[in-house]
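**Student:** Pasting in a structure now, in C-alpha coordinates, and then I'll have a few things to ask.
In the UniProt record's numbering, the protein residues as written are 1 to 193.
Dropping the structure here:
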(Lines of atoms letter the chains of each structure in order from A and count residues from 1; the text may use other names and numbers.)
(Lines give C-alpha, C1' and ligand atoms only; values in the text may rest on other atoms or scores of the structure.)
Protein backbone atom coordinates (compact mmCIF):
# COMPACT_ATOMS: atom_id res chain seq x y z
CA UNK A 1 0.00 0.00 0.00
CA UNK A 2 2.82 2.40 0.91
CA UNK A 3 4.56 1.58 -2.38
CA UNK A 4 1.42 2.62 -4.26
CA UNK A 5 0.81 5.85 -2.33
CA UNK A 6 4.36 7.21 -2.59
CA UNK A 7 4.44 7.40 -6.45
CA UNK A 8 0.93 8.83 -6.41
CA UNK A 9 2.03 11.50 -3.93
CA UNK A 10 5.07 12.37 -6.10
CA UNK A 11 2.85 12.69 -9.20
CA UNK A 12 0.42 14.98 -7.38
CA UNK A 13 3.30 17.17 -6.21
CA UNK A 14 4.59 17.38 -9.79
CA UNK A 15 1.22 18.40 -11.23
CA UNK A 16 0.38 20.86 -8.46
CA UNK A 17 3.48 22.98 -9.17
CA UNK A 18 2.41 26.07 -11.08
CA UNK A 19 3.42 25.89 -14.71
CA UNK A 20 5.30 29.03 -15.72
CA UNK A 21 6.21 30.06 -19.24
CA UNK A 22 8.59 32.83 -20.27
CA UNK A 23 7.06 35.48 -22.54
CA UNK A 24 9.18 37.71 -24.75
CA UNK A 25 6.49 38.94 -27.15
CA UNK A 26 2.85 40.03 -26.88
CA UNK A 27 0.27 39.91 -29.69
CA UNK A 28 -3.27 41.32 -29.37
CA UNK A 29 -6.03 40.24 -31.77
CA UNK A 30 -9.72 41.06 -32.15
CA UNK A 31 -9.53 44.67 -31.00
CA UNK A 32 -11.04 47.42 -33.16
CA UNK A 33 -11.61 50.46 -30.94
CA UNK A 34 -9.32 49.76 -27.99
CA UNK A 35 -5.67 49.89 -29.05
CA UNK A 36 -3.28 47.01 -28.39
CA UNK A 37 -1.14 49.29 -26.22
CA UNK A 38 -4.18 50.19 -24.09
CA UNK A 39 -5.10 46.51 -23.64
CA UNK A 40 -1.52 45.72 -22.58
CA UNK A 41 -1.60 48.65 -20.14
CA UNK A 42 -5.05 47.83 -18.71
CA UNK A 43 -4.13 44.16 -18.23
CA UNK A 44 -0.78 45.07 -16.66
CA UNK A 45 0.95 42.82 -19.20
CA UNK A 46 4.76 42.82 -19.36
CA UNK A 47 7.37 41.29 -21.63
CA UNK A 48 10.38 39.25 -20.55
CA UNK A 49 8.84 37.64 -17.47
CA UNK A 50 7.49 34.20 -16.59
CA UNK A 51 3.71 33.85 -16.61
CA UNK A 52 1.90 31.43 -14.33
CA UNK A 53 -1.78 30.54 -14.51
CA UNK A 54 -2.41 32.90 -11.60
CA UNK A 55 -0.86 35.84 -13.45
CA UNK A 56 -2.84 35.00 -16.60
CA UNK A 57 -6.07 34.86 -14.56
CA UNK A 58 -5.25 38.26 -13.04
CA UNK A 59 -4.79 39.71 -16.55
CA UNK A 60 -8.18 38.36 -17.60
CA UNK A 61 -9.83 39.77 -14.45
CA UNK A 62 -8.29 43.22 -14.95
CA UNK A 63 -9.43 43.34 -18.58
CA UNK A 64 -12.97 42.25 -17.70
CA UNK A 65 -13.16 44.98 -15.03
CA UNK A 66 -12.83 47.60 -17.78
CA UNK A 67 -16.21 46.51 -19.23
CA UNK A 68 -14.74 46.91 -22.74
CA UNK A 69 -14.74 43.19 -23.57
CA UNK A 70 -17.31 40.41 -23.73
CA UNK A 71 -14.72 37.64 -24.20
CA UNK A 72 -11.00 37.36 -23.46
CA UNK A 73 -8.71 34.43 -24.25
CA UNK A 74 -5.02 34.13 -23.40
CA UNK A 75 -2.57 31.60 -24.83
CA UNK A 76 1.21 31.32 -24.73
CA UNK A 77 2.80 29.79 -27.83
CA UNK A 78 6.56 29.70 -28.41
CA UNK A 79 7.24 32.54 -25.98
CA UNK A 80 4.48 34.78 -27.38
CA UNK A 81 1.46 35.74 -25.29
CA UNK A 82 -1.59 35.86 -27.58
CA UNK A 83 -4.44 37.99 -26.23
CA UNK A 84 -7.69 37.43 -28.14
CA UNK A 85 -10.48 39.87 -27.25
CA UNK A 86 -14.07 40.41 -28.34
CA UNK A 87 -15.10 43.99 -27.70
CA UNK A 88 -18.47 44.96 -26.27
CA UNK A 89 -20.56 47.07 -28.58
CA UNK A 90 -20.86 50.76 -27.74
CA UNK A 91 -24.24 52.27 -26.86
CA UNK A 92 -24.99 54.92 -29.47
CA UNK A 93 -28.22 56.15 -27.87
CA UNK A 94 -30.50 55.26 -24.98
CA UNK A 95 -34.22 55.75 -25.55
CA UNK A 96 -36.92 55.61 -22.90
CA UNK A 97 -40.35 55.09 -24.45
CA UNK A 98 -43.66 55.37 -22.60
CA UNK A 99 -42.79 58.37 -20.44
CA UNK A 100 -43.74 61.84 -21.67
CA UNK A 101 -42.34 64.06 -18.91
CA UNK A 102 -38.71 65.02 -19.53
CA UNK A 103 -38.26 65.64 -15.81
CA UNK A 104 -39.03 61.97 -15.10
CA UNK A 105 -36.79 60.81 -17.97
CA UNK A 106 -33.94 62.93 -16.58
CA UNK A 107 -34.47 61.43 -13.11
CA UNK A 108 -34.24 57.93 -14.57
CA UNK A 109 -31.18 58.65 -16.74
CA UNK A 110 -29.41 60.20 -13.77
CA UNK A 111 -29.75 56.93 -11.82
CA UNK A 112 -28.76 54.60 -14.67
CA UNK A 113 -25.41 52.79 -14.89
CA UNK A 114 -25.28 52.79 -18.68
CA UNK A 115 -24.88 56.06 -20.57
CA UNK A 116 -24.58 57.07 -24.20
CA UNK A 117 -21.17 56.06 -25.61
CA UNK A 118 -20.52 53.50 -22.84
CA UNK A 119 -19.92 49.79 -23.55
CA UNK A 120 -23.07 47.65 -23.77
CA UNK A 121 -23.26 45.04 -21.01
CA UNK A 122 -26.29 42.79 -20.34
CA UNK A 123 -25.57 42.74 -16.60
CA UNK A 124 -25.83 46.54 -16.39
CA UNK A 125 -28.97 46.50 -18.55
CA UNK A 126 -30.67 44.28 -15.95
CA UNK A 127 -29.47 46.60 -13.16
CA UNK A 128 -30.85 49.58 -15.09
CA UNK A 129 -34.21 47.84 -15.50
CA UNK A 130 -34.39 47.67 -11.69
CA UNK A 131 -33.20 51.29 -11.39
CA UNK A 132 -35.99 52.44 -13.71
CA UNK A 133 -38.60 50.53 -11.70
CA UNK A 134 -37.28 51.91 -8.40
CA UNK A 135 -37.12 55.46 -9.76
CA UNK A 136 -40.73 55.25 -10.87
CA UNK A 137 -41.81 53.72 -7.56
CA UNK A 138 -40.29 56.70 -5.77
CA UNK A 139 -42.74 58.99 -7.60
CA UNK A 140 -45.80 56.79 -7.08
CA UNK A 141 -45.81 54.29 -9.98
CA UNK A 142 -45.82 50.90 -8.25
CA UNK A 143 -47.15 48.74 -11.09
CA UNK A 144 -44.54 49.50 -13.75
CA UNK A 145 -43.57 47.08 -16.51
CA UNK A 146 -40.20 47.76 -18.18
CA UNK A 147 -38.66 45.84 -21.07
CA UNK A 148 -35.38 46.42 -22.85
CA UNK A 149 -34.37 45.80 -26.44
CA UNK A 150 -31.47 46.70 -28.67
CA UNK A 151 -31.09 47.68 -32.29
CA UNK A 152 -27.69 46.73 -33.68
CA UNK A 153 -26.07 49.27 -35.97
CA UNK A 154 -23.49 48.66 -38.70
CA UNK A 155 -20.63 50.43 -36.90
CA UNK A 156 -20.40 47.98 -33.93
CA UNK A 157 -22.80 50.11 -31.87
CA UNK A 158 -26.28 49.53 -30.50
CA UNK A 159 -29.31 51.64 -29.68
CA UNK A 160 -30.64 50.64 -26.27
CA UNK A 161 -34.40 51.01 -25.88
CA UNK A 162 -36.40 50.79 -22.66
CA UNK A 163 -40.16 50.40 -23.18
CA UNK A 164 -42.05 51.49 -20.06
CA UNK A 165 -45.69 50.84 -19.21
CA UNK A 166 -46.42 53.05 -16.23
CA UNK A 167 -49.75 51.68 -15.08
CA UNK A 168 -51.80 53.78 -12.69
CA UNK A 169 -50.17 56.11 -10.21
CA UNK A 170 -50.84 55.20 -6.58
CA UNK A 171 -52.91 57.85 -4.84
CA UNK A 172 -53.85 58.34 -1.19
CA UNK A 173 -57.62 58.45 -1.00
CA UNK A 174 -58.24 58.99 2.68
CA UNK A 175 -56.20 59.60 5.84
CA UNK A 176 -57.67 58.53 9.15
CA UNK A 177 -56.07 59.37 12.51
CA UNK A 178 -56.78 57.00 15.37
CA UNK A 179 -56.09 57.65 19.03
CA UNK A 180 -55.53 61.40 18.60
CA UNK A 181 -57.34 63.57 21.14
CA UNK A 182 -55.02 66.59 21.25
CA UNK A 183 -55.10 67.88 17.63
CA UNK A 184 -57.88 68.28 15.10
CA UNK A 185 -57.75 66.02 12.05
CA UNK A 186 -57.65 68.99 9.63
CA UNK A 187 -54.57 70.41 11.36
CA UNK A 188 -52.79 67.02 11.15
CA UNK A 189 -53.66 66.64 7.43
CA UNK A 190 -52.19 70.09 6.66
CA UNK A 191 -48.93 69.09 8.35
CA UNK A 192 -48.66 65.81 6.41
CA UNK A 193 -49.73 67.17 3.03
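All C-beta atoms, glycine included, are put in the ideal place defined by N, C-alpha and C. Computed from a predicted structure; not experimentally measured.
(1) What are the start and end residues of each continuous beta strand (DSSP E) run of 3 or more residues lying completely inside the stretch 109-153, in chain order?
(2) Are the stretch 61-71 and the stretch 129-136 touching, with three or more C-beta to C-beta distances below 8 Å?
(3) Apart from the five residues just before and just after residue 182, which ones in its own chain have a Cβ nearer than 7 Å to its Cβ?
(4) Classify residue 59 as helix, strand or coil using the three-state DSSP reduction.
(5) Who are the Cβ neighbours of residue 17 in its own chain at under 8 Å, not counting the five residues just before and after it?
(6) Drop a sphere of 10 angstroms on the beta-carbon of residue 27, count the other beta-carbons inside from all chains shown, and report buried for 16 or more, exposed for fewer.
(7) For residue 64, list the residues DSSP reports as bridge partners.
(8) Would you list the residues sitting across from residue 84 in a DSSP beta bridge?
(9) To the nearest angstrom, how far is the alpha carbon of residue 144 from that of residue 126?
**Tutor:** Taking the structure as given:
(1) Listed in chain order, they are 145-152.
(2) Contact fails: fewer than three Cβ-Cβ distances are below 8 Å.
(3) Excluding positions up to five away in sequence, the list is empty.
(4) In the three-state reduction of the DSSP assignment, residue 59 falls in the helix class.
(5) A caution first: residue 17 carries a pLDDT of 49, below 50, which makes its placement in the model too unreliable to give a value.
(6) When all chains shown are included, residue 27 counts as exposed.
(7) Beta-bridge annotation (DSSP): residue 64 is not paired with any residue.
(8) Looking at the DSSP assignment, residue 84 forms a beta bridge with 29 and 73.
(9) So the alpha carbons of these two residues sit roughly 15 Å apart.
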